[in-house]
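Asks:
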Amino acid sequence: MADLTDLYQQVIIEHNRSPRNFKKLEHPTNAAAGTNPLCGDDIRLEVRLDGDRIADIGFQGSGCAISQASASLLTGAVLGKTKPEAEALFREVHTMLTSAPSEPVPTATLGKLAALAGVRRFPARVKCASLSWHTLHAALQAAAEPVTTE
Amino acid sequence: MTGVRQVPVPASGSRPALDAARLRADFPILATSVGGKPLVYLDNAATSQKPRSVIERIQRYYSTENANVHRGVYQLSERATAAYEAAREKARAFLNAASTREIVFVRGTTEGVNLVAASWGRHQLRAGDEVLVSAMEHHSNIVPWQLVCEERGALLRVIPMNRRGELLLDEFERLLSDRTKLVAVAHVSNSLGTVNPVAALTRLAHARGVPVLVDGAQAAPHLRIDVQGLDADFYTISGHKMFGPTGIGVLYGKAARLDAMPPYQGGGDMIKTVSFARTTYADLPSKFEAGTPHIAGAIGLGAAIDYLAALDWDQVSAHEADLLAYATSRVSDVPGVRLVGTAADKVGVVSFVLDGVHAHDVGTIVDQEGVAIRTGHHCTQPVMEFFGVPATARASFAFYNTRADVDALVGALQRVRGIFA
Numbered sequence: 016m017a018d019l020t021d022l023y024q025q026v027i028i029e030h031n032r033s034p035r036n037f038k039k040l041e042h043p044t045n046a047a048a049g050t051n052p053l054c055g056d057d058i059r060l061e062v063r064l065d066g067d068r069i070a071d072i073g074f075q076g077s078g079c080a081i082s083q084a085s086a087s088l089l090t091g092a093v094l095g096k097t098k099p100e101a102e103a104l105f106r107e108v109h110t111m112l113t114s115a116p117s118e119p120v121p122t123a124t125l126g127k128l129a130a131l132a133g134v135r136r137f138p139a140r141v142k143c144a145s146l147s148w149h150t151l152h153a154a155l156q157a158a159a160e161p162v163t164t165e
Numbered sequence: 011m012t013g014v015r016q017v018p019v020p021a022s023g024s025r026p027a028l029d030a031a032r033l034r035a036d037f038p039i040l041a042t043s044v045g046g047k048p049l050v051y052l053d054n055a056a057t058s059q060k061p062r063s064v065i066e067r068i069q070r071y072y073s074t075e076n077a078n079v080h081r082g083v084y085q086l087s088e089r090a091t092a093a094y095e096a097a098r099e100k101a102r103a104f105l106n107a108a109s110t111r112e113i114v115f116v117r118g119t120t121e122g123v124n125l126v127a128a129s130w131g132r133h134q135l136r137a138g139d140e141v142l143v144s145a146m147e148h149h150s151n152i153v154p155w156q157l158v159c160e161e162r163g164a165l166l167r168v169i170p171m172n173r174r175g176e177l178l179l180d181e182f183e184r185l186l187s188d189r190t191k192l193v194a195v196a197h198v199s200n201s202l203g204t205v206n207p208v209a210a211l212t213r214l215a216h217a218r219g220v221p222v223l224v225d226g227a228q229a230a231p232h233l234r235i236d237v238q239g240l241d242a243d244f245y246t247i248s249g250h251k252m253f254g255p256t257g258i259g260v261l262y263g264k265a266a267r268l269d270a271m272p273p274y275q276g277g278g279d280m281i282k283t284v285s286f287a288r289t290t291y292a293d294l295p296s297k298f299e300a301g302t303p304h305i306a307g308a309i310g311l312g313a314a315i316d317y318l319a320a321l322d323w324d325q326v327s328a329h330e331a332d333l334l335a336y337a338t339s340r341v342s343d344v345p346g347v348r349l350v351g352t353a354a355d356k357v358g359v360v361s362f363v364l365d366g367v368h369a370h371d372v373g374t375i376v377d378q379e380g381v382a383i384r385t386g387h388h389c390t391q392p393v394m395e396f397f398g399v400p401a402t403a404r405a406s407f408a409f410y411n412t413r414a415d416v417d418a419l420v421g422a423l424q425r426v427r428g429i430f431a
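Residue numbers (my numbering), protein chains in the order written: chain A, 16 to 165; chain B, 11 to 431.
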């Protein structure tokens with residue numbers, strides 16, 4: 016039987032309770048919204064790129080502890096990284112989330128993000144953990160809508 | 011000493027309680043386990059479990075009676091046809107319809123609504139007309155109307171509700187006008203449990219000459235339905251929510267209404283004669299049953315209706331009322347719980363949010379205790395928006411549930427609180 020403490024590790028509970036970078040950016044260069052229509056998880060992710068580097072990042076939204084903690088962990092993990100570095104991390108996380116529960120978790124590259132590995136034993140919840148990462152991927156692909164100065 | 015002595019007097023109106031333990035034994039799945047814990051099934055509003063009599067009836071059909079209906083001249087086909095049509099008569103009796111001509115087999119309530127929207131709606135709605143739905147409708151009684159309204163230039167309007175989740179009848183009366191062409195309303199709300207006063211709604215609508223469609227999906231497992239008493243023009247139910255199979259349901263329509271409607275789908279079985287120049291349609295109800303129907307499903311639904319008919323419904327109602335009262339009290343006593351849907355007239359549905367914990371986390375954690383509840387928006391996003399919550403957790407009961415099931419849920423909710431403490 017899957018163990019709940021795998022899923023709700025302390026770092027997940029803690030990030031859900033006090034999400035990092037839960038904020039709206041003043042001047043985002045890139046943004047994307049992600050939803051899981053069946054769950055009602057809903058995230059808006061904003062990024063300010065300085066050249067190729069993620070100079071600031073913030074998210075807003077609502078959802079389950081897994082989706083909120085994942086978004087919070089994401090912002091900490093990619094802040095200061097270049098676009099290619101963030102995209103590489105997105106692929107790492109995606110591979111890890113969709114791997115079999117018996118597969119080893121590359122803790123060296125993932126760091127705190129390894130806490131998300133618990134969802135692998137709860138197939139219905141994998142999409143909760145991956146939502147913010149797909150949203151980041153979408154945001155980095157497309158520039159934000161131009162900011163009006165009205 | 012005089013010979014006076016006290017004798018016990020039974021409380022007035024008392025009757026033997028429902029023997030839920032005996033009924034549970036009729037449902038094989040209720041004896042199973044999930045992840046090593048006995049299954050506590052509290053998602054009956056999503057789908058109900060099936061008694062052995064239904065499962066065995068379907069097996070018997072496929073083992074001994076399977077043939078296409080209304081076609082063969084051979085005995086086996088006649089037997090299949092007789093069983094299929096016997097199921098239609100059972101459905102007629104269940105709904106108290108006047109005639110089996112008014113009983114159309116469909117895939118479920120969703121198809122029942124879509125049939126009326128496509129056939130009646132496209133035929134009757136004009137630009138500027140209005141269709142009234144309630145604020146607590148399931149998406150399946152919203153979207154089909156949006157589609158046909160958009161196509162016809164008609165307008166969808168919403169009967170509002172109060173914070174308890176009760177429709178506002180005076181607002182409903184105000185909304186009724188010469189432009190109103192149909193009222194489509196749930197008998198019982200799937201996400202709130204509210205029992206709507208459909209007889210009163212129908213009376214008010216009919217006073218304006220407006221027909222009424224009732225989504226009866228959530229009423230069928232809990233209430234005795236009388237379409238003639240309600241005077242509903244259309245009433246639709248799903249087999250799987252009333253202890254029958256998935257993929258089968260019934261649309262009841264008054265014969266005069268159905269007669270005036272064009273076919274919904276074309277195909278075999280719904281015609282009298284076909285030529286490339288002209289096709290004439292079959293009489294009711296075949297006109298609305300194109301193609302080979304879900305024969306086994308209809309027969310299985312008939313077996314479910316037989317099962318329900320054998321229950322003492324005064325006992326069932328008393329048992330379900332007790333479960334609802336007990337669950338409402340026990341669940342509200344869990345610190346941080348807020349109930350969503352507190353109408354005075356409810357069936358056994360307890361929707362709630364737990365402070366600081368998203369419904370999906372609640373669902374995953376209680377599942378580890380064997381407790382199956384629904385979490386999410388329950389296909390009623392406007393209801394979630396009205397109550398300002400993204401999702402709720404919902405325990406929904408059937409007559410085979412017991413107070414012990416409620417206790418298991420409450421125990422599991424304490425575990426949720428432990429993890430999120």
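Cβ coordinates follow ideal geometry from the N, Cα and C atoms, glycine included.
Strictly below 8 Å CB to CB, what residues from chain A border alanine 401(B)?
Replies: The contacting residues are Cys54, Gly55.
Asks: With a threshold of 8 Å between beta-carbons, can histidine 370(B) be considered close to chain C, or not?
Replies: Judged by its chain identifiers, the structure shown contains no chain C, and its protein chains are A and B.
Asks: Measure the C-alpha to C-alpha separation of aspartate 322(B) and serine 296(B) and round it to an integer number of angstroms.
Replies: Their Cα atoms are separated by approximately 34 Å.
Asks: Considering only the alpha carbon of each residue, which of Tyr274(B), Gln59(B), Thr204(B), Ala308(B) lies closest to histidine 133(B)?
Replies: Residue Tyr274(B) is the option with its Cα nearest to histidine 133(B).
Asks: So, helix, strand or coil for threonine 163(A), using DSSP?
Replies: Low per-residue confidence applies at threonine 163(A): pLDDT is 39, beneath 50, and the placement is therefore not dependable, though the value from the model is reported in the following sentence. Reduced to three states, the DSSP call for threonine 163(A) is coil.
Asks: Alpha helix (DSSP H) containing phenylalanine 182(B): first to last residue?
Replies: It spans 179-185 - the alpha helix (DSSP H) in which phenylalanine 182(B) sits, taken as one unbroken run.
Asks: For serine 201(B), is the classification buried or exposed, using 16 other Cβ atoms within 10 angstroms of its Cβ as the cut-off for buried?
Replies: Looking at its Cβ environment, which holds 16 or more other Cβ atoms inside 10 Å, serine 201(B) is buried.
Asks: Tell me, to the nearest whole angstrom, how far the beta carbon of alanine 418(B) is from that of glutamate 379(B); I am working on the premise that it is less than 8 Å.
Replies: Right, their Cβ atoms sit about 7 Å apart.
Asks: Tell me which same chain residues have a C-beta within less than 8 Å of the C-beta of threonine 22(A), skipping the five on either side of it?
Replies: In the sequence under discussion, the amino acid at residue 22(A) is leucine, which differs from the threonine named in the question. Once the five neighbours on either side are set aside, the close Cβ partners of leucine 22(A) are Ile81, Gly133, Val134, Arg136, Phe137, Arg140.
Asks: Starting from the C-beta of leucine 349(B), find all residues in its chain whose C-beta is less than 8 Å away, skip the five residues before and the five after it, and write them out in chain order.
Replies: Excluding sequence neighbours, leucine 349(B) sits near Thr338, Val341, Ser342, Val360, Ser361, Phe362.
Asks: What are the partner residues of serine 327(B), as DSSP defines its beta bridges?
Replies: Partner(s): none; serine 327(B) has no beta bridge.
Asks: Pick helix, strand or coil for arginine 135(A), following the three-state DSSP scheme.
Replies: The answer is helix: DSSP assigns arginine 135(A) an H, G or I state.
Asks: Using the Cα positions of alanine 403(B) and aspartate 225(B), report the straight-line distance between them to the nearest angstrom.
Replies: Taking the straight line from one Cα to the other gives about 23 Å.
Asks: Residues in the region 379-395 of chain B with C-beta within 9 Å of chain A's C-beta atoms, listed in sequence order?
Replies: Of all residues in the region 379-395 of chain B, Thr385, Gly386, His387, Gln391, Met394 have a Cβ within less than 9 Å of some Cβ in chain A.
Asks: Could you pull out every residue in the same chain whose Cβ sits closer than 6 Å to the Cβ of alanine 422(B), ignoring the five residues on either side in sequence?
Replies: Answer for alanine 422(B): Val376, Glu379, Val381, listed in chain order.
Asks: Where does asparagine 172(B) sit, in a helix, a strand or coil, going by DSSP?
Replies: Residue state, collapsed to three classes: coil.
Asks: From glutamate 95(B) to serine 248(B), what distance separates their C-alpha atoms?
Replies: Roughly 18 Å between the two C-alpha positions.
Asks: Of the residues that make up the region 83-100 of chain A, which ones have a beta carbon closer than 9 Å to any beta carbon in chain B?
Replies: Result list: Gln83.
Asks: Using DSSP with H/G/I as helix, E/B as strand and the rest coil, what is asparagine 124(B)?
Replies: Helix at asparagine 124(B).
Asks: Any idea which residues DSSP pairs threonine 204(B) with across the strands?
Replies: Looking at the DSSP assignment, threonine 204(B) forms a beta bridge with Lys356(B).
Asks: Which two residues bound the contiguous alpha helix (DSSP H) that contains aspartate 417(B)?
Replies: Aspartate 417(B) -> alpha helix (DSSP H) spans 413-430.
Asks: Nearest CA to the CA of glycine 440(B): which residue from Asp241(B), Gly310(B), Pro207(B)?
Replies: An answer regarding residue 440(B) cannot be provided, because it is not within the stretch 11 to 431 covered by chain B.
Asks: Kindly confirm or deny that the region 90-104 of chain A and the region 381-392 of chain B touch, where touching means at least three C-beta pairs closer than 8 Å.
Replies: Touching, no.
Asks: If you draw a straight line from the C-alpha of phenylalanine 286(B) to the C-alpha of glycine 254(B), how long is it?
Replies: Cα to Cα, the separation comes out at about 40 Å.
Asks: Using a 10 Å radius around the Cβ and a threshold of 16 neighbouring Cβ atoms, would you call valine 83(B) buried or exposed?
Replies: Exposed, since its Cβ has fewer than 16 Cβ neighbours within 10 Å.
Asks: Please classify methionine 16(A) as buried or exposed, where buried requires at least 16 other C-beta atoms within 10 Å of its C-beta.
Replies: Since pLDDT at methionine 16(A) reaches only 49, below the 50 mark, its modelled position is unreliable, and the value read off the structure follows with that caveat. Its Cβ having fewer than 16 others within 10 Å, methionine 16(A) is exposed.
Asks: Residues of the region 59-77 of chain A in Cβ contact with chain B at a cutoff of 8 Å, in chain order, please.
Replies: Residues passing the 8 Å Cβ filter: Ser77.
Asks: Please name the residue, chosen from Val64(B), Gly358(B), Leu52(B), that lies closest to aspartate 415(B) on a Cα-to-Cα basis.
Replies: Considering only alpha carbons, the answer is Leu52(B).
Asks: Using a Cβ distance threshold of 8 Å, determine whether the region 69-83 of chain B contacts the region 231-244 of chain B, with at least three qualifying pairs required.
Replies: The region 69-83 of chain B, when compared against the region 231-244 of chain B, does not touch it at the 8 Å Cβ threshold.
Asks: Let me know the secondary structure DSSP gives asparagine 31(A) once reduced to three states.
Replies: Three-state DSSP puts asparagine 31(A) in a helix.
Asks: Quick one: complete alpha helix (DSSP H) runs, 4+ long, within the region 22-69 of chain B?
Replies: Segments of the alpha helix (DSSP H) lying fully in the region 22-69 of chain B: 30-34.
Asks: Taking alanine 144(A) as part of the alpha helix (DSSP H), name the residues at either end of that continuous run.
Replies: Per DSSP, alanine 144(A) belongs to the alpha helix (DSSP H) from 141-156.
Asks: Going by DSSP in three states, leucine 125(A) sits in which element: helix, strand or coil?
Replies: DSSP places leucine 125(A) in helix when its eight states are reduced to three.
Asks: Is it the case that the region 289-308 of chain B contacts the region 145-163 of chain B, given that we only count it when at least three CB pairs across the two stretches are under 8 Å?
Replies: Taking 8 Å as the limit for Cβ pairs, the verdict is that the region 289-308 of chain B does not touch the region 145-163 of chain B.
Asks: Along the beta strand (DSSP E) that carries lysine 191(B), what are the first and last residues, could you check?
Replies: Its beta strand (DSSP E) spans residues 190-196.
Asks: Determine, using beta carbons only, whether glutamine 228(B) and serine 199(B) come nearer to each other than 8 Å.
Replies: The answer is yes: Cβ separation under 8 Å.
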